[in-house]
Amino acid sequence: MKRKNGIFSRFYIALCLIFFYLPILVTMIFSFNSSKSLTKFTGFSLRWYGELLHNGEVIKAVYVSLTIAILATVISTVLGTITAIGLSKSRKVVKELLLNINNLPILNPDIVTAIGLMLLFSSLGFRKGYLTMLLAHIAFCTPYVITSVYPKVRSLDPNLANAAMDLGATPAQALIKVIVPMIKDGIFAGVLLAFTMSFDDFVISYFVSGNGVKNISIVVYNMTKRINPTINALSAIVIAVIAVVLIGGRHIPKLLEKFQGKRSRKVVRLVTVLVALALFAGLIRMGQTAGGTHVLKVYNAGEYMDLELLQEFEKEYNCTVVYETFESNEMMYTKLSGGESYDVLIPSDYMIERLIKEEYLQYLDWDLIPNGKNLLTEVKNRSYDPGNRYSCPYFWGTVGILYNKNVVSQEDLKEGWELLRNPKYKGNLYMYDSERDSFMIALKALGYSMNTTEDAQIQEAFQWLIDQRNTMEPIYAGDDVIDNMISGNKALAVVYSGDASYIISENPELDYFTPDQGTNLWYDAMVITKDCNEVELAHQFINFMLDDESALSNTEEVGYTSSVKSAYDEMIQGTYEGISSYIPDIDNPDNEIFRYQKPKIKQKYAELWTKIKAE
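Next up, the structure:
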C-alpha cells in the first residue's frame, strides 16, 4: 500500500511540474521559431532575438523595470524593517490597528489601488512618469516586507537591544549588529517578495505611469495586440536570467567564503558602487526630456501605428513625441478623466462622440491640415462628428465573419449572422470576446438596430446569444484569434476587417464577408484635447499622418484600411488585392456606427454579457 501511495505521489508531483513548466518550455521553444506563428514550429531561427535587441522600446522598458524594482525593493525593505521593529515595541492597540491597516493594500484588488494612486498623484499635481511609478511600487511593496519581517522580530527576546546597549553598543549598533542579523531571514524573504511584486506588476504601473515611461509588463501587454514573437524571445531571456540568479544565489556565497574577509568586502563594495552608479545614471536619464524643445504627447491603441513614423516626425519638426498606448477606449477615458493630460488621442467613433459631449476636445483648424485633401470622401462627415469639426479619420473598417472556404459552404453564407448558430459548425467557432460586438451580431440577426435601448429587444438579443452558446459551444477569444485562424484551428471567427485582411494574406484558404443584415461600420480618428499644450504641433502631427507616404507606411505596418485615398488604392491593388475585407461596405443601409451608450444601458449590456459567459 505504501509503495502504491509513493508511486501515486510521484506521479502527482510529475503532473504538477509538467503543468507549471510546460508553458515556459513552449515559450522558449517558439522563441526560436522562424515564422510568426505561435502555434506551428516551422524551423529554427534567431530572428526574433535579433529584432528584440534592435527594439529600443523593449530595451528601455527592461531598464525601467530593473531600476524601479531595485530601488523599490531597497527603499521598501528599509521602511518595512524599521516599521516592523517599531511595531514590536508599540502598545497592543496601536499594534493591532497598524497591522490591520497594513493588510489593506495586500487584500485590496490591484485595480482599486491603481486607480486610487492615479487619483492621488493627479490631485497633488504630480507629473506621471518614472517618479510616480517608483512611489507607487514602494507603496505596495512595503506592506509585504512588513508582513515578512514582523514575525521574525516578534520571535526575538525583547531585551536583546537593551542587553547590547548595556554592553556599550549605541542604539544604531544594537540595531545593525544585533537585531538585523537575527531577523535576516525575514528581511531576505521580504526583499525577494518586494522585488518580485515590483518586477511583475502591470496594473498599478499602467495607471500611474506616463510621459512614455513603461516597464516590461506594459510593453509586453501592448505587444500582445497582434502576433509578435519577440515576446517569446524576451520571455526566454528573462527565464534564463532568473535561472542564473537562482543558481548563482545558491553557489556564490560558497565561493565568497573562499576569499579572505577583506577581499570579499572589497568585492561587495565594488558591486554596490557599480549598482549605485548605474541606478543614479538611470534616474538622471529618466528625469531628463530627450530631443527638441517641444514635446507632443500622443495616446493611441496598442500595436496601432508604425513607430518609425514617430522618429521621422521628431526629426522633421525638431521635437519629442511621447507615445503611450491603451488597451481600450474605456481605459483611455479612465486615464483622461483621472487628470492625465495628452495632446493627441486616437479613439473610436462612439468614444469621440462622448468626448465631444463632455467637452474634452477642441475644434480642428483644417487650415493647418492641408493634407486633409487626401482623405477619402467615404470617411468624412460621419454621424459621430458631423462636418469633422473635432476629428480627422485614421483607420476604418467593419466587423464580419472570417471563414474557411474548404469547410463552410457558399450556400450557408446566405444565412448571414445566423451562420453563427448553424449546428453544422458546432465547436468550430470563435466569437469575439466583446459584449458590444456580440450584442451587435444578435441584434442585427434579429433585425434590430445595434444601438437600441429598448429592453425587450436587448433581452431578445440576450436569448439569441444564450441559444448560440448552448448550440455552438463557441470559444470567446481576443486577439489570439489571429494566430489561431492563420493556423486553421477553427472554421469560423468573428473579427475586425483589418485583422481579417492580415489573416487572409497569411492563409489564403480563408475569406471574409459582412452579412446583408448589416454590421458595425467603425471609424477611429485623431483628435486634439482641449488642454493640449502644443496645439500647432498637434495639427502638424495630424497633417504628417495624412501625408501619402506616411499613410501608406502606416497601413502597411498595421494592416488596417487607411483613410487616405492614395494609401487605400495602393493596398487594394497590391498587398490586399482581391481581399474583400479591406474594402468596407458603405452602401448597405443597415450598416451602423456605434453610438455612445449611457451608463445604465452600458451596465445592462455588461451584466447580460457576464451571464452569457458564466456557463
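Counting from 5, one number per residue, gives the positions in the sequence shown under my numbering.
The beta-carbon is built from N, C-alpha and C at its ideal position, and this holds for glycine as well.
These figures come from a predicted structure and were not determined experimentally.
| Asked | Found |
| --- | --- |
| Chain-order list of residues whose beta-carbon lies under 7 Å from that of residue 522 (same chain, five-residue window excluded) | 448, 592, 594, 595, 596 |
| Rounded straight-line distance, which links the Cα of residue 303 to that of residue 569 | 24 Å |
| Within 8 Å, strictly: CB atoms of residue 514 and residue 409 | yes |
| Per-residue burial, residue 386 [other beta carbons within 10 Å of its own, 16 or more giving buried] | buried |
| Residue 567 beta carbon less than 8 Å from that of residue 383 | yes |
| Residue 498 vs residue 405 beta-carbon contact at 8 Å | yes |
| Nonlocal neighbours in the same chain, by C-beta distance under 7 Å from residue 369, ignoring five residues either side | 543 |
| Residue 507 versus residue 586 - alpha carbon distance | 11 Å |
| Same chain, Cβ closer than 6 Å to residue 150, five either side skipped, listed in chain order | 84, 87, 88, 106 |
| Nearest-angstrom beta carbon gap, residue 425 and residue 476 [assumed within contact, 8 Å] | 6 Å |
| Neighbourhood of residue 555 by C-beta distance below 6 Å, restricted to the same chain and skipping five residues each side | 566, 568, 571 |
| Residue(s) in a DSSP beta bridge with residue 395 | 531 |
| Span of the beta strand (DSSP E) around residue 329 | 323 to 330 |
| Sequence-distant residues of the same chain with beta carbon closer than 6 Å to residue 130, five excluded per side | 136 |
| Neighbourhood of residue 609 by C-beta, 8 Å cutoff - its chain only, sequence neighbours within 5 removed | 439, 440, 443, 462, 601 |
| For residue 199, the first and last residue of its enclosing beta strand (DSSP E) | No beta strand (DSSP E) holds residue 199; the alpha helix (DSSP H) holding it covers 188 to 204. |
| Residue 26, buried or exposed, once every other Cβ within 10 Å from all chains shown has been counted against 16 | exposed |
| Alpha carbon of residue 69 to alpha carbon of residue 11, nearest angstrom | 43 Å |
| DSSP state of residue 617 mapped onto helix, strand, coil | helix |
| Cβ pair residue 547, residue 373 closer than 8 Å | yes |
| Nearest-angstrom Cα separation, counted from residue 319 out to residue 179 | 56 Å |
| Where residue 224 falls, given that 16 or more other Cβ within 10 Å makes a residue buried | buried |
| According to DSSP, residues forming a beta bridge with residue 592 | Beta-bridge pairing links residue 592 to no other residue. |
| Alpha-carbon spacing of residue 634 relative to residue 15, whole angstroms | Since the displayed the chain opens at 5 and closes at 619, residue 634 lies outside it and no answer follows. |
| Three CB pairs or more closer than 8 Å across the region 23 to 42 and the region 234 to 250 | yes |
| Distance CB(residue 398)-CB(residue 350) smaller than 8 Å | yes |
| Cα-Cα separation between residue 296 and residue 538, rounded to whole angstroms | At residue 296, the pLDDT of 45 sits below 50, so the modelled position is not reliable and the matter cannot be decided from this model. |
| Length of the line joining the Cα atoms of residue 625 and residue 423 | Nothing in the structure corresponds to residue 625, since the chain is present only between 5 and 619. |
| Residue 186 versus residue 211 - alpha carbon distance | 39 Å |
| Option nearest residue 148 by Cα separation, candidates 525, 169, 583, 194 | 194 |
| Residues near residue 464 by beta carbon distance below 7 Å, same chain, minus five either side | 450 |
| Start-to-end residues for the beta strand (DSSP E) that takes in residue 433 | 433 to 436 |
| Three-state secondary structure (DSSP) of residue 516 | strand |
| Cα-Cα separation between residue 200 and residue 92, rounded to whole angstroms | 26 Å |
| Nearest-angstrom Cβ-Cβ length linking residue 551 and residue 375, presumed shorter than 8 Å | 6 Å |
| Simplified DSSP state of residue 495, which is helix, strand or coil | coil |
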